[in-house]
Amino acid sequence: MITAWFSLVVLCWVLFFVLEGFDFGVGMLGPVLGRDDHERGAAVRTIGPFWDGNEVWLVAAVGVTFAAFPAWYAALLSGLYLPMAALLLLLAARGVALEFRGKGDGARWRRRCDTALALSSAGIVALWGAVLGVLTHGLALGADGEVTGRGPARSLAPLATWPALAGAVLALFAAVLLGATFLALRTTGPVHARARRASVRLGAGGTLALGAAGMLGLSRPVLAAAVLCLGVTLVARHGRELVAFGATAVGVAGAVVAVFTVHGDVVLRSTLDPAWSLTMTGAAATAPALRLLSVAGAVVLPGVLVYQAFSYWVFRRRVASERVPS
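Following our numbering, the numbering of the sequence shown begins with 1150 at its first residue and continues without gaps.
Below you can see the structure in the form of structure tokens.
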């Protein structure tokens, strides 16, 4: 049962990073690919019906992690409380930018909201990427399962490691590529054309950068990511937007699964002593608690999945970004 709940935790985080990933990417790309207020508005409308529903998976992922693996949740959240607080503030700023964009009448007001949306989206993606990098590197866990250290440095120092920095850069690239392929899939007109060109260029750039990094480090996962980027480039160039978006989403999902399973049954590695690392069994809730959670999860999670699939079906038509002559 512990393995099943760990799989469910990973699934919730995968859904969050994939679904919110293209939201964040569209937020960053909107001011770049939209040349005027009308085109930027078209980009924002592609995520309008979905972004708040996609955020449900963040609540689900955090909630399931807390309920099924409380020791893991406590160590991770207490060890990174300042980055987590910054993430909450950025998520709030992004939500305000999206909700308030249509409340003002002037183009200047909407331009400021678009800028706030782009900056907050970039900050969220970079911080989440850094947190995923920290998960691969580990935290300074003591023998009692608590992160050692005092003051702000206790939660900021883990972000100053090369895995965290690499995670931030890779997450920004992945979110922008997801956003570009999603905009190419969901729009018509000039935004569609620019998003398609951006997908090809980003895919080609990712192929070269990841290929070089994989060759230098002889890293098979990085080489696999380079091959995937090459595939996205080719299908995007031939106008297969759905395949390009699906391949990018699969790549993001695979990266998240790799991060969560890179240390086997160790869910949070101790950088001080491997013996102090948190394992699935050591971090899990009691068996009666997991059984009770199973009953609740069997009712709630399928309902959320069905609702989201229905909303994507209802709003499946492309958003027009070209102007209609009056």
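Each residue gets a CB set at the ideal place from its N, CA and C atoms; glycine is no exception.
Is the beta carbon of residue i less than 9 Å from the beta carbon of residue j?
i: V1296; j: A1398; result: no
i: R1189; j: P1198; result: no
i: G1360; j: A1393; result: no
i: A1324; j: G1202; result: no
i: G1294; j: S1470; result: no
i: A1210; j: V1167; result: no
i: L1439; j: A1217; result: yes
i: L1377; j: G1400; result: yes
i: R1467; j: R1346; result: no
i: L1178; j: G1395; result: no
i: F1165; j: V1274; result: no
i: V1163; j: A1402; result: yes
i: L1427; j: A1279; result: no
i: T1337; j: E1390; result: no
i: S1348; j: A1362; result: no
i: V1193; j: L1229; result: no
i: A1289; j: P1307; result: yes
i: S1269; j: R1243; result: yes
i: G1355; j: A1267; result: no
i: L1240; j: E1204; result: yes
i: M1150; j: S1443; result: yes
i: R1386; j: H1187; result: no
Using the beta-carbon count (16 or more within 10 Å), is residue i buried or exposed?
i: T1264; result: exposed
i: L1237; result: exposed
i: P1301; result: exposed
i: G1366; result: exposed
i: Y1222; result: buried
i: W1425; result: buried
i: T1435; result: exposed
i: H1341; result: buried
i: V1455; result: exposed
i: G1253; result: exposed
i: A1213; result: For clarity, residue 1213 is Val in the given sequence; the question names Ala instead. It is buried - the Cβ of V1213 has at least 16 other Cβ atoms within 10 Å.
i: R1369; result: exposed
i: A1458; result: exposed
i: L1441; result: exposed
i: S1419; result: buried
i: R1343; result: buried
i: R1350; result: exposed
i: G1200; result: Contrary to the premise, residue 1200 reads as Trp rather than Gly in this sequence. Buried, by the Cβ-count rule.
i: R1259; result: buried
i: W1154; result: buried
i: A1320; result: buried
i: V1448; result: exposed
Can you tell me where the beta strand (DSSP E) holding residue i begins and where it ends?
i: L1417; result: 1415-1417
Which first and last residues belong to the alpha helix (DSSP H) in which residue i is found?
i: G1352; result: 1339-1366
i: P1180; result: 1151-1182
i: G1395; result: 1390-1410
i: P1307; result: No alpha helix (DSSP H) contains P1307, which DSSP labels as neither H nor E.
i: W1200; result: 1200-1203
i: F1459; result: 1436-1463
i: H1387; result: No alpha helix (DSSP H) contains H1387, which DSSP labels as neither H nor E.
i: D1186; result: 1186-1196
i: A1432; result: 1429-1432
Have a look at the options and flag the residue whose alpha-carbon is nearest the alpha-carbon of residue i.
i: G1251; options: A1191, A1438, L1226; result: A1191
i: L1421; options: R1257, V1245, G1291; result: G1291
i: V1381; options: V1415, L1326, F1409; result: L1326
i: A1256; options: H1286, R1299, G1316, D1185; result: D1185
i: L1207; options: C1161, Y1461, G1244, G1403; result: C1161
i: S1304; options: E1204, V1205, L1231; result: L1231
i: A1432; options: H1387, V1416, A1445, G1253; result: V1416
i: A1317; options: F1331, W1277, T1356; result: W1277
i: A1309; options: A1320, V1283, F1331, S1460; result: V1283
i: V1406; options: L1281, V1448, M1429; result: L1281
i: L1357; options: S1368, C1262, L1372; result: L1372
i: F1409; options: G1176, V1175, A1271, G1287; result: G1287
i: A1374; options: G1176, A1385, A1404; result: A1404
i: A1271; options: W1258, G1298, F1322, R1299; result: F1322
i: T1152; options: F1249, P1437, W1200, M1429; result: M1429
i: A1315; options: G1298, P1339, V1453, T1285; result: T1285
Taking only beta-carbon atoms, is residue i less than 9 Å away from chain C?
i: H1341; result: Note that chain C does not occur in the displayed structure, where there is just one protein chain.
The ligand GDP heavy atoms versus the CB of residue i: any closer than 8 Å?
i: G1294; result: You won't find the ligand GDP in this model; it holds no ligand whatsoever.
What alpha helix (DSSP H) runs, 4 residues minimum, are completely inside the stretch 1228-1260? 1230-1249
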